Structure formats: C-alpha cells, structure tokens
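Trainee:
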Amino acid sequence: MACSAAVLQDVEVCSAAIAQPLLLGKVIEYFTPNSTMTIEEAYMYGAGMIVNVYLMVIMDHHYNLSAAAVGMRIRIACCSLIYRKVLKLSMVSSGKTTTGWLVNLLSNDVNRFDMVTLFLHFIWIAPLQVLLVTYFLWQYVGVAAFIGVAFIFLQTIPVQIIWSEIDLVRSTSYLRGVYMSFMVFTERTSLFVTLIAYVLLGNTISSDKVYSMAQFYNVLNLSLAIFYPMALSTGAEAMVSVDRIQEFLMQEEITPRKAIPSTVTQNGMKSCSLGVTIKNGCAKWSPSDAQPTLSDICLHVKPGALCAIIGPVGSGKSSLLQAVLGELPLETGSLLVDSDISYASQEPWLFVGSVRQNILFGQPYEKKRYQEVVRVCALERDLQLFPYGDKTIVGERGVSLSGGQRARINLARAVYRDASLYILDDPLSAVDTHVGKHLFDECIGTYLATKTRILVTHQLQYLKEADMIVILNEGVVVNKGTFEEVLKSGLDFAKLLPSANEDEPKEDPSFIRKVQSRQISTITVNSVQDDADDVLDPKESEEFQTKGAVKWVTYWRYTRAGGSICFLSFVFFMLCFSQVTTNAVDFWLTFWYVADISPEHDSQTLLTKT
Numbered sequence: 001m002a003c004s005a006a007v008l009q010d011v012e013v014c015s016a017a018i019a020q021p022l023l024l025g026k027v028i029e030y031f032t033p034n035s036t037m038t039i040e041e042a043y044m045y046g047a048g049m050i051v052n053v054y055l056m057v058i059m060d061h062h063y064n065l066s067a068a069a070v071g072m073r074i075r076i077a078c079c080s081l082i083y084r085k086v087l088k089l090s091m092v093s094s095g096k097t098t099t100g101w102l103v104n105l106l107s108n109d110v111n112r113f114d115m116v117t118l119f120l121h122f123i124w125i126a127p128l129q130v131l132l133v134t135y136f137l138w139q140y141v142g143v144a145a146f147i148g149v150a151f152i153f154l155q156t157i158p159v160q161i162i163w164s165e166i167d168l169v170r171s172t173s174y175l176r177g178v179y180m181s182f183m184v185f186t187e188r189t190s191l192f193v194t195l196i197a198y199v200l201l202g203n204t205i206s207s208d209k210v211y212s213m214a215q216f217y218n219v220l221n222l223s224l225a226i227f228y229p230m231a232l233s234t235g236a237e238a239m240v241s242v243d244r245i246q247e248f249l250m251q252e253e254i255t256p257r258k259a260i261p262s263t264v265t266q267n268g269m270k271s272c273s274l275g276v277t278i279k280n281g282c283a284k285w286s287p288s289d290a291q292p293t294l295s296d297i298c299l300h301v302k303p304g305a306l307c308a309i310i311g312p313v314g315s316g317k318s319s320l321l322q323a324v325l326g327e328l329p330l331e332t333g334s335l336l337v338d339s340d341i342s343y344a345s346q347e348p349w350l351f352v353g354s355v356r357q358n359i360l361f362g363q364p365y366e367k368k369r370y371q372e373v374v375r376v377c378a379l380e381r382d383l384q385l386f387p388y389g390d391k392t393i394v395g396e397r398g399v400s401l402s403g404g405q406r407a408r409i410n411l412a413r414a415v416y417r418d419a420s421l422y423i424l425d426d427p428l429s430a431v432d433t434h435v436g437k438h439l440f441d442e443c444i445g446t447y448l449a450t451k452t453r454i455l456v457t458h459q460l461q462y463l464k465e466a467d468m469i470v471i472l473n474e475g476v477v478v479n480k481g482t483f484e485e486v487l488k489s490g491l492d493f494a495k496l497l498p499s500a501n502e503d504e505p506k507e508d509p510s511f512i513r514k515v516q517s518r519q520i521s522t523i524t525v526n527s528v529q530d531d532a533d534d535v536l537d538p539k540e541s542e543e544f545q546t547k548g549a550v551k552w553v554t555y556w557r558y559t560r561a562g563g564s565i566c567f568l569s570f571v572f573f574m575l576c577f578s579q580v581t582t583n584a585v586d587f588w589l590t591f592w593y594v595a596d597i598s599p600e601h602d603s604q605t606l607l608t609k610t
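Just so you know, the sequence shown maps onto residues 1 to 610 in the UniProt record's numbering.
1) Skipping 5 residues on each side, what residues in its chain have a beta carbon closer than 6 Å to that of residue 302?
2) Note down the Cα distance separating residue 391 from residue 117, rounded to an integer number of angstroms.
3) Roughly how many angstroms lie between the CA atoms of residue 559 and residue 47, to the nearest whole one?
4) Leaving out five residues on either side along the sequence, give the residues of the same chain with a beta carbon under 7 Å from the beta carbon of residue 194.
5) For residue 286, tell me which candidate among 329, 305, 458 has the shortest Cα-Cα distance.
6) Confirm, please, whether the CB-CB distance from residue 473 to residue 315 is below 9 Å.
7) Look at the alpha carbon of residue 353 and the alpha carbon of residue 395, and state the distance between them as a whole number of angstroms.
8) Would you check if there are 3 or more beta carbon pairs closer than 8 Å linking the segment 458-477 to the segment 289-302?
9) Just to confirm, are residue 227 and residue 126 a CB contact at a threshold of 9 Å?
10) Do residue 423 and residue 324 have their beta-carbon atoms positioned less than 9 Å apart in this structure?
11) My output table needs one value for residue 320: the three-state DSSP class, helix, strand or coil.
12) Rounding to the nearest angstrom, what Cα-Cα distance links residue 326 and residue 293 in this structure?
13) Per DSSP, what kind of secondary structure is residue 550 in: helix, strand or coil?
14) Taking 8 Å as the cut-off, does the segment 42-61 touch the segment 18-32 (at least 3 CB pairs, one atom from each stretch)?
15) Are the beta-carbon atoms belonging to residue 238 and residue 112 less than 9 Å from one another?
16) Measuring only the C-alpha atoms, how far is residue 407 from residue 373?
17) Please classify residue 300: does DSSP put it in a helix, a strand, or coil?
18) Just verifying my parser: in three-state terms, what is the DSSP assignment at residue 205?
19) Give me whichever residues DSSP pairs with residue 425 in a beta bridge.
20) Around the C-beta of residue 135, are 16 or more other C-beta atoms found within 10 angstroms, so that it is buried, or is it exposed?
21) Pull up the CB-CB distance for residue 137 and residue 192, whole angstroms please, since I reckon it's below 8 Å.
22) Quick check on this structure: which residue in 297, 416, 381, 549 has the alpha carbon closest to the alpha carbon of residue 367?
23) What three-state label does DSSP hand residue 41 in the structure shown?
24) Whose CA, out of 489, 438, 426, lies closest to the CA of residue 459?
25) Straight-line CA distance for residue 463 to residue 85?
26) Could you please give me the residues that DSSP links to residue 79 through a beta bridge?
27) Return the first residue and the last residue of the beta strand (DSSP E) that residue 395 is part of.
28) With DSSP as the reference, label residue 327 as helix, strand or coil.
29) Shortest alpha-carbon distance to residue 207 belongs to which of 555, 34, 108, 386?
30) Counting only runs that start and end within the segment 326-376, where is the beta strand (DSSP E) found for 3 or more residues in a row?
31) Take residue 96 as the anchor and find which of 248, 150, 55 has the nearest alpha-carbon.
32) Just verifying my parser: in three-state terms, what is the DSSP assignment at residue 66?
33) Check each candidate in 199, 201, 434, 219 and name the one with the smallest Cα separation from residue 188.
34) Measuring only the C-alpha atoms, how far is residue 153 from residue 224?
35) Have a look at residue 16 and residue 62 and give me their C-alpha separation to the nearest angstrom.
36) Alpha carbon to alpha carbon, what distance is there between residue 233 and residue 243?
Here you go:
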C-alpha cells in the first residue's frame, strides 16, 4: 500500500500537475490575436484539462487514503507494542516509568506517524518536480526561468531553517506567521521577478506564457514552500518519536518462566505438584543498592500447603513475594515455581467498572463459581447494600468503596481466577476481626484448601492453621517451620510484629450508612441473593445543564487576551495590507498584459515608465 501511494503521488505531482499548466497555456493561446489554433484543438485541450483535473482528484484522494491507512497502521502497531511492553515491565522499570511519560507516548508521539506518511514522499518527489518545472519554464522564457526558481529557493530555505530550529525558540506562533506569509507570496513574487527579467532581456510577454508560468509557480509553491518543509518537519518529529518509543521499549522486562503443566482435581480446579522452591536466593531492587533486599533465601513450600510469612515492617515480605512473581529478579540462587499464579496485592487495585467486572477481570462468567467466590470473600452483604448489586459502578481506584470493600474485591479477583499458586499479600489487614476470620476460614482455609498458598499477614491468631511459617527480618529468613517448631526454637516472634489489638482495622460505619442511603433501586434484597443476573443495569442520570447567553464582555476579554489594542490594530492593518498587495500583483499583471498588446505600448516602454 505504501509503494502504490508513492507511485500515485509521483504520477500526480510529476505528470498530472505539470500537464495542467501546459493545457491551460494551449487553451489561452487560442484566444490570443493571430492564433492559428482551430476550435477543435481548443476543445480538445479544454477537455484534456477537465480529464486531467478528474484524474488528479482520483489519484490525490487515493493517495491520501493509502497514506493515512499506512500511518494509522504504524500508530496502532506502536500503541500495541507500548501496551504489551507495559505488561512485561519489571518493578524496577515500572518505578522509572511515569504516567506522564506513557500518556505522552500514546497521545503525542504515536500520532505523529499519521502526518509523516502524508508528506514523507515529497522529500524525493519535490526535487524531481523542480527539475521538470524548471525545464518547461526554460522552454517558455529561457534563462529568466532560473531567476524565478532561484527566488523561490531564497524564500523557502529560511523557512526550512526555521522549522529545523523550532524546538529552540520560545514561541512558535511567530515562526508559523512568517511561514504562512512566505507561502502566500512566494508564487506571486517569483512570477513577478521572472516576468521582469524576461522583459528586461528584450522579450515580449503573452497571456499564454503569463498564466502558464503562474500555474507552474503555483505547483512549485505547493511543493517547495508547503509540502517539502512539512515533510522535513514531520519526518524530524517522527524520528524523535521513534527514539522516545525505542527508549521505552528497551526498558528491562520480567524474565519469563517456562510453563509447568498443572493437574486438574476432581472438582475441576487446577493443582500443581511443584510448589515453590528458592535456593540461596539473593536479590536487590537496584544494582546501585549497597545491601541486598533479600539475602540467602532458602525456602520450599510443598504443593497444597499454606505458608504464612511474618515479620516487622520493611523486613522484605512483599519483596519475597515479588521475587516469587518474577518482578524482582534474583542476582544469585535459583527459583522454581509454577507459572500459573494468582496474586492479590497489598494495596487494592480497582478500575472504573462494575463490581462484577473488577472480580472477573476478563475471565469468563461462571455463575456457580462466581457466587461461591462472593460468599467466601464476604461480599454478599455488600452487594445487598449496593444500589445495583454487583453491577454497581465503582469509581477510579474504588473511591466509592470503603477500604475493607476494596480489599475484599481485590481478594475475590485473585480467588476467582483458577490457578495453582495463590500469593496473598496481607489481605486481612484492612478488614474487621470477624470478617478476617471469615476470609481465612472460608476462603483461604477451605475454598483454596487444595492450592499452594503463600500468605503475608500480621494476624498471629491464624499461624496455627499454617502448614509452614517463615519469619523474615531485614531480608533474611530468621526462622521457618511449623507452628510447633517455631515455638520450640525459643524465638519470640510476637515481638517482631505490632500488637494484635493495636490499630485494629474497622469498617467505617458512617461509610456504610452512606452506601445504604444510596439504595435508590427498586431491586429487593432477595433478588440480589437469588440471582445477580436479574439486577437491572445502572442508568445514567441526566447531567445538569445551564442555559443562557454569553455576555459581550466575555468576547471582549477573549479578544484582549491576544494583546493590547495597538497590537491588535497593527495585526488587522497587516491583514488588510497583505490582501491589498496580493491583489495588486494580479491587477498589475493584467494591466501589464493589456497595455502590452495595445498598438501604442510595448513591454519595454511600459516597464521604463513604471
């Protein structure tokens, strides 16, 4: 498609566009005095102009469509690469990647590919067109053609320099004004200079030459003063965008692990005979860190076991989980873990969507499993309070929910996904004591009983139920084993943790009342319990709009924002003056030609008098 677009643009610019002035000159030649052209030839040239314009329109639109399609494909491909790269970034790379950087890549840099494909071909088409137009102008007026073409180059070269230095200038609006003024006057000034040189060389102008040269200079003006500078500027901007996208794509990725086949239990859930094994693992978040985050970690979690990881704040519990996930690469040692992992983060993450969408997270909806997950994650009561049940829309990051509700939805998302290994980073810290007991007994202890589970927690009362306890302190495994083995070791691990009664999380009752007050739906509690599919979809309320007239003072202030009265008056004067001078050139050419063909005047006499 790109090659066909380039060929079409070449044919249009170098053939059809140049043929139009030649045909126009032939038509005008029929109306000049002493013309020997027949009426049939004049009709033929006129019909040729119409057909040529029709072909130019077809080729131009097909080229624009093809070039825009190529640019769109490049933009979409780059967006897809960026999206895929984001999902593969390591934690270190994620810390270096800011939201503003990603937004700039996806909103500004990739959009430059839509423009560069439209003008890029003029980098090589414009020089070829200059040679052809110069040849035909030389056929018309001889050496005077080189003067006019040289004058166009003298006007467009500064514009191209301006575009190349545009990033170094504080305000680009003034440069754009200079660029537009060059674009408007290049054609007329070049034509005027060529005609003066042609007459001074002792020649006589004719209407067919004047209008044909005007068309030729119009073609050159479009290529040299508009399309060629745009090709250079958009090409330079696209190269800068390519460098920025390449810099992002070269960020460090997560090292992929080889997939290990899982077995399926009788209840249809996945299970794995691998578990988690770490031998002499050492890791650090940044190579520049003096001390490693994790040191000499030796850990083996049997398949189907519940491993509880405890330790003081900053002891490396979350870092150990990130190492198991592959987000924190090991510098030394080895890691053997199943690739089918489900993860519940310490900080709940929710997106704008319904509660059901946040739980499913793209997984297929299975009614029975979904209802069971809602039950074991203690969300039934919350769905009864929500105005639209599980179809209630949550705000950005779950701002419309309490901390406990966000934590339970975050846990339900991880539990709903059928995996072999579940990594739970302190999901019980944001809920009440009785809710936490329900989550541990029903969800972690019963529903996930056949799965390998790694649980980070500060709740000491649940350690007795764990198959294995790992105590971390400053990135080192202080002790590990069963609950009885840890007790026999004599280590008072309770001192490593905050008091069990200190800062006990509680659901905000005022928040619950606010949720209850939003029960504007006519859906009954029983209908939510029986079948969540019967809940009506939430309706968008009509936005409040204010109607009225804009005051004239608003327009006046908007106008004054552009500058002072003197500056605006000067701008208005320059607009009028530029239009007057533009029309004066056309009027002078007409006057010159009429005076030239009259018996009492010739070109030399008229030029001498003026």
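Backbone N, C-alpha and C fix where the C-beta goes; we use that ideal spot for every residue, glycine too. Only a predicted model underlies this, so the values are computations on that prediction, with no experimental measurement involved.
Mentor: According to the structure data:
1) Here residue 302 refers to the residue found at position 302 of the sequence shown. Same-chain partners within the cutoff: 275.
2) The count along the sequence shown starts at 1 and reaches residue 391 at position 391. The count along the sequence shown starts at 1 and reaches residue 117 at position 117. Each residue's alpha carbon lies about 44 Å from the other.
3) Along the sequence shown, one-based indexing puts residue 559 at 559. Along the sequence shown, one-based indexing puts residue 47 at 47. Looking at the two C-alpha atoms, the distance is approximately 49 Å.
4) Along the sequence shown, one-based indexing puts residue 194 at 194. Once the five neighbours on either side are set aside, the close Cβ partners of residue 194 are 141, 144, 145, 147, 148, 213.
5) Along the sequence shown, one-based indexing puts residue 286 at 286. Nearest option by C-alpha distance: 329.
6) Position 315 of the sequence shown holds residue 315. Position 473 of the sequence shown holds residue 473. Yes, these two residues count as a Cβ contact at 9 Å.
7) In the sequence shown, residue 353 corresponds to position 353, counting from 1. In the sequence shown, residue 395 corresponds to position 395, counting from 1. Cα-Cα distance, rounded: 7 Å.
8) yes
9) Indexing the sequence shown from 1 puts residue 227 at position 227. Indexing the sequence shown from 1 puts residue 126 at position 126. Going by C-beta atoms, residue 227 is nearer than 9 Å to residue 126.
10) Reading the sequence shown from its first residue, position 324 is the one you call residue 324. Reading the sequence shown from its first residue, position 423 is the one you call residue 423. Yes, the pair counts as a contact, with Cβ atoms nearer than the cut-off.
11) Within the sequence shown, residue 320 is the residue found at index 320, counting from 1. Residue state, collapsed to three classes: helix.
12) Numbered from 1 along the sequence shown, position 326 holds the residue referred to as residue 326. Numbered from 1 along the sequence shown, position 293 holds the residue referred to as residue 293. Those two C-alpha atoms are separated by around 14 Å.
13) The count along the sequence shown starts at 1 and reaches residue 550 at position 550. Note: residue 550 maps to coil in three-state DSSP.
14) yes
15) Against the sequence shown, residue 238 aligns to sequence position 238. Against the sequence shown, residue 112 aligns to sequence position 112. Yes, the Cβ-Cβ distance between residue 238 and residue 112 is below 9 Å.
16) By one-based count along the sequence shown, residue 407 stands at place 407. By one-based count along the sequence shown, residue 373 stands at place 373. Spanning the two alpha carbons is a distance of roughly 14 Å.
17) To locate residue 300, count along the sequence shown from 1; it is residue 300. Reduced to three states, the DSSP call for residue 300 is strand.
18) Indexing the sequence shown from 1 puts residue 205 at position 205. Three-state DSSP puts residue 205 in coil, outside helix and strand.
19) As a working mapping, residue 425 is identified with position 425 in the sequence shown. Partner(s): 456.
20) Numbered from 1 along the sequence shown, position 135 holds the residue referred to as residue 135. Exposed, because fewer than 16 other Cβ atoms sit within 10 Å of the Cβ of residue 135.
21) Here residue 137 corresponds to residue number 137 of the sequence shown, with the count starting at 1. Here residue 192 corresponds to residue number 192 of the sequence shown, with the count starting at 1. That pair is no contact at about 14 Å.
22) Within the sequence shown, the letter at position 367 stands for residue 367. Among 297, 416, 381, 549, the Cα nearest to that of residue 367 belongs to 416.
23) The count along the sequence shown starts at 1 and reaches residue 41 at position 41. Residue state, collapsed to three classes: helix.
24) By 1-based counting over the sequence shown, the position of residue 459 is 459. For the residues 489, 438, 426, the minimum Cα distance to residue 459 belongs to 426.
25) As a position in the sequence shown, residue 463 is number 463, starting the count at 1. As a position in the sequence shown, residue 85 is number 85, starting the count at 1. Approximately 39 Å between the Cα atoms of the pair.
26) Mapped onto the sequence shown, residue 79 falls at position 79. Beta-bridge pairing links residue 79 to no other residue.
27) In the sequence shown, counting from the first residue as 1, residue 395 sits at position 395. Where residue 395 is concerned, there is no enclosing beta strand (DSSP E), given that its DSSP letter is neither H nor E.
28) Residue numbering aside, residue 327 sits at position 327 when the sequence shown is read from its first letter. Three-state DSSP puts residue 327 in coil, outside helix and strand.
29) Looking up residue 207 in the sequence shown gives position 207. Selected option, being the one with the closest Cα: 34.
30) 332-337, 341-344
31) Translated into the one-based positions of the sequence shown, residue 96 becomes position 96. Selected option, being the one with the closest Cα: 248.
32) Here the question's residue 66 lines up with position 66 in the sequence shown. Reduced to three states, the DSSP call for residue 66 is helix.
33) The residue labelled residue 188 in the question sits at position 188 within the sequence shown. Nearest of 199, 201, 434, 219 to residue 188, Cα basis: 219.
34) On the sequence shown, residue 153 is found 153 positions in, with the first residue counted as 1. On the sequence shown, residue 224 is found 224 positions in, with the first residue counted as 1. Straight-line Cα distance between these residues: approximately 8 Å.
35) Position 16 of the sequence shown, counting from 1, holds the residue named residue 16. Position 62 of the sequence shown, counting from 1, holds the residue named residue 62. The alpha-carbon atoms of residue 16 and residue 62 are separated by roughly 15 Å.
36) Here residue 243 is taken as the residue at index 243 of the sequence shown, counted from 1. Here residue 233 is taken as the residue at index 233 of the sequence shown, counted from 1. Computed Cα separation, rounded: 16 Å.
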